[in-house]
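Enquirer:
Protein chains: 2
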Amino acid sequence: MAKVSIPFSVETYSERRKTLMSKIGKGKILLLGNQDSSINFKDNVYHFRQDSTFLYYIGINLMDLNAILDCDTGEVSLFGDDASIDLIVWMGNQPKLSELAEKVGIKTLHPASKIREMLGGDVKYLPPYRSRHEIALKSLLDISQVEPSLDLIHAVIAQRNIKTEEEIQLLDQACSLTAKMHEYVLRNAKPGMMEYQLVGLASAFAWNSNAQWSFPPILTKNGQTLHNHYHGHQINEGDMVLFDGGIELESGYCGDMTRSFPVGAKFTEKQSNLYRIVYKSYQTALEHTKPERYYKDVHLAVAKTMVEGLKEIGLMKGDPDEAVAAGAHALFFPHGLGHMLGLDVHDMENLGEVHVGYDNTIEKSMQFGLRSLRLGRKLKEGFVITIEPGIYLIPELIDKFKSEGQHLNFVDYKALEDYRTVGGIRIEDDYIITSDGHRRLGEALANDLDSIESMRAEAIG
Amino acid sequence: MAKVSIPFSVETYSERRKTLMSKIGKGKILLLGNQDSSINFKDNVYHFRQDSTFLYYIGINLMDLNAILDCDTGEVSLFGDDASIDLIVWMGNQPKLSELAEKVGIKTLHPASKIREMLGGDVKYLPPYRSRHEIALKSLLDISQVEPSLDLIHAVIAQRNIKTEEEIQLLDQACSLTAKMHEYVLRNAKPGMMEYQLVGLASAFAWNSNAQWSFPPILTKNGQTLHNHYHGHQINEGDMVLFDGGIELESGYCGDMTRSFPVGAKFTEKQSNLYRIVYKSYQTALEHTKPERYYKDVHLAVAKTMVEGLKEIGLMKGDPDEAVAAGAHALFFPHGLGHMLGLDVHDMENLGEVHVGYDNTIEKSMQFGLRSLRLGRKLKEGFVITIEPGIYLIPELIDKFKSEGQHLNFVDYKALEDYRTVGGIRIEDDYIITSDGHRRLGEALANDLDSIESMRAEAIG
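Chain order of the listed sequences is E and Y.
So the first sequence is numbered by the working numbering: it starts at 1 and just counts up by one.
So the second sequence is numbered by the working numbering: it starts at 1 and just counts up by one.
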């Protein structure tokens, strides 16, 4: 029989829902669970992923469920159908919904079809990110335009942004497995392999741990292509590999890490030069990562460290503070320093990145580079974030900036020619903000240059 | 740079489209390509799978494309947008649509947004299987109800049901890789492993071959649960494993095979008894699989072999022909003997199983067992099909049939008690119907009891 495990106690789920309902105050909250997603015909489906907000408040990792939280009465209703005998013949015995509902403290269980009649009046819902939910909302609520509730969005984010002790335990597990997956790839990649074979190592590791990936991995010798999901190249001595991947537990909690390593036993000189700057930037980030610091300021401090390092090797010039203010560093570091992590690898990105990572004290900058910073707000105890500085040589971007005459005072385009094909390097780990600073989640995997090279030397033998 | 390979020639795609347009005669045919599918937020997406009919007529394995075939003018228009510089910075250089269009013989390329204004008049389209397509059809055509064209469905099926030599080459490749994946799992499964670790072997094999699965594998010690995607059990001496899985090439062509094997070096006596009956049934299927035979009759001949075998070991009784006519065999063999295979593992199931597997000479039976037979029509040269007999002891089904007093003349429910927990066994391979019979696709993997046991003995060492 398929097992559905519920990670937390009745009290946890009941408290979470009570907090949400009391914050919203009146009307009904509609929480839509996910359905199967078809690949190339209805019954050929992708791996099922429950909606994260549904997991957070309802806790049941099963498809075809919906819930209503009635803020006026405090009643919570779950809508779904038990498996028929026909389904049991094909799919095996299924857990009873009534038993699952009991485990998450829900007393009212209705057939799936009953939800329509229970949806009168003021109904608040979150933005749909799957077309099926868009259709369901329009049909259930008899509306032509979907209008998610901003109050509900903010209330959910306020709760989910602060991770509790029991959530942190699961995040620690996810991050430990993530570190082990990275180590497995780092120690088993060999010159001459294809990138997709390295993905195979990562996939075998995840399945072997009874886990999924939290996102399709970036695993490439062209790390300068930030969202590179192509895996068709051979890796050879002299190349670097950038692997950005994470493990997702059955409970939905995610890890997200990046390591960059040489295919041979050692980085080349230019690769080393850049690696050391990224590593130093990572250390800068750690120095600044603590409660009450705006993460945007941490990002900018990191950018300054990068400019100083790039000046030392002759790729940048001028005053570092001025270069950062002008956004010149973003030629090399066009993405943000990090993002929230939790039940989603970009936690709650479906609710709106700007609502999660910014608040009424800070607006998102539209400057190139900063506009890709997902998290800018003041750090608080309980936030779980990624720290992921990187330096990239993106030929298309270099050509664009150069042809537009951008940052001529800060970038030495001539010296840059020598580095044009070095690629991309990123170091990424996951941290919880504590009362007086931060703590790295999970069992650590080394990220300094010497440790990486020594793991690679052992791998190659 | 990400590469998009086009498997066939300009002529192949042009001919396919010409044939379709001439069959439809007038009006426009709208072919929707697939988009990315979101997992838990918009930008976290499942592995992209192009629509198979789009692959068949247009050949470009890239998202966010649509096409119109104008039957009145013969013009074929492709709608899509090239990557912007912003996208290239993040995603890397992308292939130019104009170059891809040229490779598939399409001269008219428009921006994606232009499709709306080109869609007046009589527009035919296929049934949507993704919600996003349902929304797109309603919006593009300004309709409230989706009404797919039955003429178009039949015309597409008539073409895609008959595989050409160049398609068969790719199917041979997919089936060879599928056989190798099965052998890899068969030779590396060890007592004490968890089912999910075996899935990890299958996943590593697929990635290592730069391929995907054609469907999420069934890999379980509870093979009696027909659509079992739960992988949480430990496998031990005395258990059997049923692995139903297939490889899908980048071109979209699929393999689909099943092997059942003992976790130890040998099947138990009861497992052996059932395995031999399934193997004999498979041989019966081969004897009957040739052009002009109704596949329903092959299915029924197989059912009779099963009843005869089950009589020999005392689980069934009475006249085999009468037992099959009554559907008594379906207690043990509740699914169909096979289905079409091609660009989809259940080829064209999105167009309607009954249109693919039946025609105006034969109607689908609603008898339990036969109603799950996806393919009943007369076999023709060029059909690619699966042959997959199986015997299952499904406790829930046995209890149901017994309590309803079903087939008391044919089933010995008392003797059955001894076999109640033996599980499920299936043997499945893929065949092309030739002018005088059939040919197994791909390099074969043995499926007789002795070969399976000897592979397992070597695996355990």
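Quick reminder that beta carbons are idealized off the backbone N, C-alpha and C, glycines included.
Report the start-end ranges of each beta strand (DSSP E) in the segment 102 to 179 of chain E that is 3 residues or longer and not cut off at the edges.
Expert: The segment 102 to 179 of chain E contains these whole beta strand (DSSP E) runs: 108 to 110.
Enquirer: Let me check understanding here. Comparing Cα to Cα, which of Y/Glu167, Y/Ser131, Y/Asp151, Y/Leu373 lies closest to Y/Leu249?
Expert: Among Y/Glu167, Y/Ser131, Y/Asp151, Y/Leu373, the Cα nearest to that of Y/Leu249 belongs to Y/Glu167.
Enquirer: Is there at least one Cβ from chain C nearer than 8 Å to Y/Ser365's Cβ?
Expert: No chain C is part of this structure, whose protein chains are labelled E and Y.
Enquirer: Using a beta-carbon distance cut-off of less than 7 Å, what residues from the segment 5 to 37 of chain E approach chain Y?
Expert: Going along the segment 5 to 37 of chain E in chain order, one finds Ser37 with a Cβ nearer than 7 Å to chain Y.
Enquirer: Taking 8 Å as the CB-CB limit, is E/Leu341 close to chain Y?
Expert: Taking Cβ atoms only, chain Y never reaches closer than 8 Å to E/Leu341, which makes this a no.
Enquirer: Between which two residues does the beta strand (DSSP E) containing E/Pro262 stretch?
Expert: That run of the beta strand (DSSP E) goes 257 to 262.
Enquirer: Hey, is E/His47's beta-carbon within less than 8 Å of any beta-carbon in chain Y?
Expert: Yes, contact with chain Y.
Enquirer: Quick check on E/Ser139: buried or exposed, where buried means 16 or more other Cβ atoms within 10 Å of its Cβ?
Expert: Flag for E/Ser139 reads exposed.
Enquirer: So E/Tyr129 and Y/Ser37 are in contact, right, with Cβ under 8 Å, and what is the actual spacing, rounded?
Expert: Wrong, their Cβ atoms sit about 11 Å apart, outside the cutoff.
Enquirer: Under the rule that 16 or more other beta-carbon atoms within 10 Å means buried, what is Y/Ser5, buried or exposed?
Expert: Counting Cβ neighbours within 10 Å, Y/Ser5 comes out exposed, since fewer than 16 surround it.
Enquirer: Can you list, in chain order, the stretches of the beta strand (DSSP E) that have 3 or more residues and sit fully within the segment 222 to 283 of chain E?
Expert: Listed in chain order, they are 240 to 245, 257 to 262.
Enquirer: Give me the Cβ distance between E/Ala136 and E/Leu31, rounded to the nearest whole Å; I'm assuming they're in contact under 8 Å.
Expert: Contact doesn't hold; Cβ gap of about 12 Å is too wide.
Enquirer: Per DSSP, E/Ala67 is paired with what?
Expert: In the DSSP output, where bridge partners are listed per residue, E/Ala67 has E/Leu31, E/Leu78.
Enquirer: State the DSSP-derived secondary structure class of Y/Ile460, mapped to helix, strand or coil.
Expert: Reduced to three states, the DSSP call for Y/Ile460 is helix.
Enquirer: From Y/Asp70 to Y/Ile157, what distance separates their C-alpha atoms?
Expert: Their backbone Cα atoms lie some 19 Å apart in a straight line.
Enquirer: Nearest by alpha-carbon distance to Y/Val307: which of Y/Glu292, Y/Gly423, Y/Ala323 is it?
Expert: Per the Cα distances, Y/Ala323.
Enquirer: Looking at the structure shown, is Y/Ile39 part of a helix, part of a strand, or coil, going by DSSP?
Expert: Residue state, collapsed to three classes: strand.
Enquirer: Can you give, in chain order, each stretch of the alpha helix (DSSP H) that sits fully within the segment 335 to 398 of chain E and has at least 4 residues?
Expert: As far as the segment 335 to 398 of chain E is concerned, its whole alpha helix (DSSP H) runs of at least 4 residues are 353 to 357.
Enquirer: Is it true that the segment 400 to 420 of chain Y meets the segment 239 to 257 of chain Y, where meeting means three or more beta-carbon pairs spaced less than 8 Å apart?
Expert: No, because fewer than three Cβ pairs between the segment 400 to 420 of chain Y and the segment 239 to 257 of chain Y fall closer than 8 Å, the two stretches do not touch.
Enquirer: Assuming Y/Arg160 contacts Y/Gly342 under a Cβ cut-off of 8 Å, what Cβ separation, rounded to an integer in Å, is found between them?
Expert: Y/Arg160 to Y/Gly342, Cβ: 6 Å. Contact.
Enquirer: Applying a beta-carbon distance threshold of less than 7 Å, which residues of chain E neighbour Y/Tyr129?
Expert: Simply Ser38, Phe41, Lys42.
Enquirer: The ligand SAH and E/Lys304: does the residue's C-beta get closer than 7 Å to at least one heavy atom of that ligand?
Expert: The ligand content of the structure shown is nil, which means the ligand SAH is not present either.
Enquirer: Indicate whether E/Leu186 and E/Arg276 have their beta-carbon atoms separated by less than 8 Å.
Expert: No. Outside cutoff.
Enquirer: In the DSSP assignment, the alpha helix (DSSP H) including Y/Thr220 goes from what residue to what residue?
Expert: No alpha helix (DSSP H) holds Y/Thr220; the beta strand (DSSP E) holding it covers 218 to 220.
Enquirer: Measure the beta-carbon distance from E/Gly424 to E/Tyr392 and round it to whole angstroms, keeping in mind my assumption that it falls under 8 Å.
Expert: That belief holds up - the Cβ atoms of E/Gly424 and E/Tyr392 are roughly 4 Å apart, short of 8 Å.
Enquirer: Which one of Y/Asn273, Y/Pro148, Y/Gly59, Y/Arg426 has the shortest CA to CA distance from Y/Glu312?
Expert: With distances taken between Cα atoms, Y/Glu312 lies closest to Y/Asn273.
Enquirer: Return the residues of the segment 344 to 372 of chain Y that lie within a Cβ-Cβ distance of less than 7 Å from chain E, sorted by chain order.
Expert: Those residues of the segment 344 to 372 of chain Y that come within reach of chain E (Cβ to Cβ, closer than 7 Å) are Asp344, Val345, His346, Glu349, Asn350.
Enquirer: Say whether chain E places a C-beta atom closer than 8 Å to the C-beta of Y/Ala301.
Expert: Not closer than 8 Å to any Cβ of chain E, the Cβ of Y/Ala301 fails to qualify, so no.
Enquirer: Which residue marks the beginning of the alpha helix (DSSP H) containing Y/His47, and which one marks its end?
Expert: Here Y/His47 belongs to no alpha helix (DSSP H), and DSSP marks it neither H nor E.
Enquirer: State the Cα-Cα distance for the pair E/Gln175 and Y/Phe8, rounded to the nearest angstrom.
Expert: Contrary to the premise, residue 175 of chain E reads as Cys rather than Gln in this sequence. Going by the C-alpha atoms only, they are around 44 Å apart.
Enquirer: Ordered along the chain, which non-local residues of its own chain (more than five positions away) have a Cβ less than 7 Å from that of E/Glu24?
Expert: According to the sequence provided, residue 24 of chain E is Ile. The question's Glu does not apply to it. Closer than 7 Å at Cβ, skipping near neighbours: Cys71, Lys124, Asp151, Leu152, Ala155.
Enquirer: Determine, using beta carbons only, whether Y/Asn61 comes closer than 8 Å to chain E.
Expert: No, because no Cβ of chain E sits closer than 8 Å to the Cβ of Y/Asn61.
Enquirer: Can you give the beta carbon distance from Y/Tyr295 to Y/Leu337, rounded, assuming they're within the 8 Å contact cut?
Expert: So it is a contact: roughly 7 Å between Cβ atoms.
Enquirer: For the beta strand (DSSP E) that E/His299 lies in, which residues bound it at each end?
Expert: Counting along the chain, E/His299 falls outside any beta strand (DSSP E), though it belongs to the alpha helix (DSSP H) covering 295 to 312.
Enquirer: With 7 Å as the limit, tell me which residues of the segment 167 to 178 of chain Y have their beta carbon closer than that to any beta carbon of chain E; keep them in chain order.
Expert: Cβ contacts with chain E come from no residue of the segment 167 to 178 of chain Y.
Enquirer: Report the three-state DSSP secondary structure of Y/Met193 (helix, strand or coil).
Expert: It is coil, neither helix nor strand.
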